[in-house]
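Have a look at the structure below, then the notes.
2 protein chains.
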Amino acid sequence: MRAAIYRGPGDIAVEDVSKPEIESPTDAVVRVTHTAVCGSDLWFYRGESDREEGSPVGHEPMGIVEEVGEDVRSVDPGDRVFAPFKISCGRCEFCRKGLHTSCVNGDSWGGDNGGAQGEFVRTTEADGTLVRVPDRYADDEATLEAVLPLTDVMGTGHHAAVSAGVGEGDTCVVVGDGAVGLCGVLAARRLGAERIVAMGHHEDRLELAESFGATETVAARGEEAVERARELTYGGPRHVLECVGASSSMDAAIDLCRPGGTVGYVGVPHGVDEAGLDVFSMFQENVTLRGGVAPVRAYAEELLADVLQGTLDPSPVFTKTVDLDGVPEGYRAMDEREAIKVLVKVDH
Amino acid sequence: MRAAIYRGPGDIAVEDVSKPEIESPTDAVVRVTHTAVCGSDLWFYRGESDREEGSPVGHEPMGIVEEVGEDVRSVDPGDRVFAPFKISCGRCEFCRKGLHTSCVNGDSWGGDNGGAQGEFVRTTEADGTLVRVPDRYADDEATLEAVLPLTDVMGTGHHAAVSAGVGEGDTCVVVGDGAVGLCGVLAARRLGAERIVAMGHHEDRLELAESFGATETVAARGEEAVERARELTYGGPRHVLECVGASSSMDAAIDLCRPGGTVGYVGVPHGVDEAGLDVFSMFQENVTLRGGVAPVRAYAEELLADVLQGTLDPSPVFTKTVDLDGVPEGYRAMDEREAIKVLVKVDH
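Chains A and B, in that order, give the protein sequences.
FYI, the UniProt record's numbering numbers position 8 of the first sequence as 8, with every residue one higher than the one before it.
FYI, the UniProt record's numbering numbers position 260 of the second sequence as 260, with every residue one higher than the one before it.
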């Protein structure tokens, strides 16, 4: 089969590799039809985090079940499914609590199970990991493109909103206008926020934020952005969604949060260890830092229900579509910020 | 009047200074009878944080109201009162929410209002700041010594437990065996914790922790301490009280916390900016960091009720008593860890 392989910073190649096969009774093999390039893929693409050369890439698979192990009960060959960016068992203490990312039987995509930017992937723990899309939507392209972000960015934006404690009537600020930030706006609106201030650096993305439900936008940078957001929220919001993970955006989120408020953070921390988090500001104003890697499996059913009934549609975050051979071009477009998020339609 | 004055690292002098007077209608002057030396005083004493030379020290005053401004309604001259380590108005948005440390009219002790380690202090915002001790206990020495920690360490330990989300039947770990950590043990027990593991470095303090309600103690250091606490709690507690504020103890608290759990932190962060917080570990396991400088005024009434009815007694944290002239000796004893916390009985 063909799959996108990491060959070093700036170098993604689509190559022939061996197709993953069922290895244990709880496995399933999925023929990937749709997947995406993630902002977090850019860290290794840019050489800013380590990744083994020669490893398959991609962690947002959607497709058709090809084959299942003998113990798999929840899906059958031919079913339309998607899977979160983490494999989880659904049975352990943490999965039962909705913290699937800490699953004791968990695993990641991209090893010998294949990367999601390829023709096939194998999931261990198929019953715990795969989410079935009802048959009547199984081939509806518009629905599938709205469901695909549930593999990662929509669940992650939702986790930011949940972690920040956003509820009915609240005012919140969303830091970051990438795909996760935009999904954070959708999530905050879905949870009933009355005022949603979106902060970012790109006019076109902030326009999309407005169409997603942002009531105000702030396009400034640094201290000016913080001041403007604080002004708009009469002294800072009680709920901040930090959707970037950079040291500067974490500090901005903490800085603009109202005393006693909560920063929900979901961006993979990047450079935060080196630059240091502004713990003293948090301490002085009792700002809570809550969140982490999003257990998107925990949110899949409720978000899927809303997508299927048409009240939630994150698909506009896909501003570019490529086929499997176009994956390297997809990375380039995201790296150069030409695309917010790239949809990959995998041809077989 | 006489008051303890900071003269530089390692140098506290008891000197004659001018007595604070009523300056505005909301002021009160308190004749200090009891106060204490705080672990946080050691930061400037050791030269590890800046403080203006010549400034009066002490922030845990208890005494008798000497004089009040014409707008003061809640206390009269002759009343027995104590005050938290921060002055707060009781009326603003933050005070009404119980976040008195973010009071928009707030102030600190130690400027021209006098330090609490002196004969008199003036509080602005007397109605919002001073807590009245009922007359029947006003001269009961044992009760007063049990009330005094409500000015700081008992409220701070309580804030750690509340921030960590400790409740009925919970298992928690308390990091730190100083006065705040010991009060954290008392607070966790009071909130219904079933298992309380106290971590520290001093056998005698851990014995006191046991008498305060710790069910187990860990006297090890570093990774060994974390491993031992994790073992005792079958993989880490969901609730960790971080009662030190050093970079190493913050990292230990985050490290041993169960995935999805909460670290309640109340120690003034010290060296954390330089060493960097382990944000990546927090992120990976969705560990929440909640807390900050404790709004002890918010907790004063409920804790006072328990002290007065005899179900809460933090006074054993005072292991040494001095008079006003003995304040320098009190700093020395705490600096050299001879005393857990020093009680100052102010003679007039």
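Glycine included, every Cβ here is placed at the ideal spot set by N, Cα and C.
Everything numeric in this text was worked out from a predicted model, so none of it was measured.
Could you check whether the Cβ of residue 171(B) sits closer than 8 Å to any Cβ belonging to chain A? Not flagged as an interface residue toward chain A: residue 171(B), since no C-beta distance is shorter than 8 Å.
Same chain, Cβ closer than 7 Å to residue 10(B), five either side skipped, listed in chain order: These residues qualify, in order along the chain: 45.
Checking contacts by CB at 8 Å: is residue 321(A) closer than that to chain B? Interface flag for residue 321(A) against chain B is unset, since no Cβ pair is found closer than 8 Å.
Taking 8 Å as the CB-CB cut-off, is residue 86(A) touching chain B? Judged by the 8 Å Cβ criterion, residue 86(A) is not in contact with chain B.
Indicate whether residue 319(A) and residue 339(A) have their beta-carbon atoms separated by less than 8 Å. Note that the C-beta distance between residue 319(A) and residue 339(A) is below 8 Å.
For residue 1(A), which of helix, strand or coil comes out of DSSP? If DSSP states are grouped into helix, strand and coil, residue 1(A) belongs with coil.
Do the region 59–78 of chain A and the region 28–36 of chain A make contact, defined as three or more Cβ pairs closer than 8 Å? Between the region 59–78 of chain A and the region 28–36 of chain A, the count of C-beta pairs closer than 8 Å reaches three or more; the two stretches touch.
8 Å Cβ cutoff met for residue 198(A) and residue 217(A): Yes, they are a contact pair.
Does chain B have any CB closer than 8 Å to the CB of residue 269(A)? With 8 Å as the cut-off, residue 269(A) counts as an interface residue toward chain B.
Which of the three DSSP states, helix, strand or coil, is assigned to residue 337(B)? Here residue 337(B) sits in coil by DSSP.
Residue 100(B) (DSSP reduced to helix, strand or coil): If DSSP states are grouped into helix, strand and coil, residue 100(B) belongs with the helices.
Whole angstroms are fine: how far does the CA of residue 91(A) sit from the CA of residue 262(A)? Distance between the alpha carbons of residue 262(A) and residue 91(A) is about 30 Å.
Skipping 5 residues on each side, what residues in its chain have a beta carbon closer than 6 Å to that of residue 145(B)? Once the five neighbours on either side are set aside, the close Cβ partners of residue 145(B) are 315.
If residue 22(A) sits next to residue 67(A), beta carbons under 8 Å apart, how far is it from one beta carbon to the other, in whole angstroms? With a beta-carbon spacing of about 6 Å, residue 22(A) and residue 67(A) fall inside the 8 Å limit used to define contacts.
Just how far apart, CA to CA, sit residue 308(B) and residue 143(B)? CA-CA distance, residue 308(B) to residue 143(B), rounds to 7 Å.
If the cut is a Cβ gap below 9 Å, which residues of chain B does residue 236(A) touch? None at all; the shortest Cβ gap to chain B is about 11 Å.
Chain A within 8 Å of residue 232(B), Cβ atoms only: Nearest CB-CB separation between residue 232(B) and chain A: not below the 8 Å threshold.
Below 8 Å between beta carbons: does that hold for residue 242(A) and residue 175(A)? In this structure, residue 175(A) lies closer than 8 Å to residue 242(A) by Cβ.
For residue 208(A), which residues of its own chain have a beta-carbon under 7 Å away from its beta-carbon, when the five flanking residues on both sides are left out? Take residue 208(A), set aside five residues on each side of it, and the residues of its chain with a beta-carbon closer than 7 Å to its own are 182 and 316, in chain order.
Are residue 324(A) and residue 2(A) closer than 8 Å when you measure CB to CB? With respect to the 8 Å criterion, residue 324(A) and residue 2(A) are classified as neighbours on the basis of their beta carbons.
Under 7 Å Cβ-Cβ, which residues of chain A neighbour residue 285(B)? Contact annotation for residue 285(B) against chain A: 102 and 292 [CB-CB distance below 7 Å, chain order].
Taking Cβ to Cβ, would you say residue 346(B) is nearer than 8 Å to residue 119(B)? Contact flag set, yes.
Residue 31(A) - containing beta strand (DSSP E), residue span: From DSSP, the beta strand (DSSP E) with residue 31(A) extends over 28–37.
In the DSSP output, what is residue 56(B) paired with across the bridge? 5(B), per the DSSP bridge assignment.
7 Å Cβ cut-off: residues of chain B touching residue 206(A): Result: empty, since nearest Cβ-Cβ is about 26 Å, beyond 7 Å.
Measuring straight from C-alpha to C-alpha, what distance separates residue 349(B) and residue 225(B)? Because chain B is modelled from 1 through 348, residue 349(B) falls outside the range shown and cannot be assessed.
Note the first and the last residue of the continuous alpha helix (DSSP H) segment covering residue 348(B). Premise fails: residue 348(B) is in no alpha helix (DSSP H) and is neither H nor E.
Beta-bridge partners of residue 122(A), as assigned by DSSP: According to DSSP, which records beta bridges pairwise, residue 122(A) is partnered with 29(A).
Can you find a CB in chain B that lies within less than 8 Å of the CB of residue 289(A)? Chain B contact via Cβ: present.
Just to confirm before moving on: does the CB-CB distance between residue 17(B) and residue 77(B) stay below 8 Å? It is not a contact, given that the beta carbons lie outside the stated cut-off.
Taking the alpha carbon of residue 40(B) as the point to measure from, which residue in 99(B), 271(B), 267(B) and 148(B) has its own alpha carbon closest? Answer by Cα proximity: 267(B).
Could you list which residues in chain A have their beta carbon closer than 8 Å to that of residue 341(B), in chain order? Those do not exist, as residue 341(B) stays about 21 Å from chain A at its closest Cβ, beyond 8 Å.
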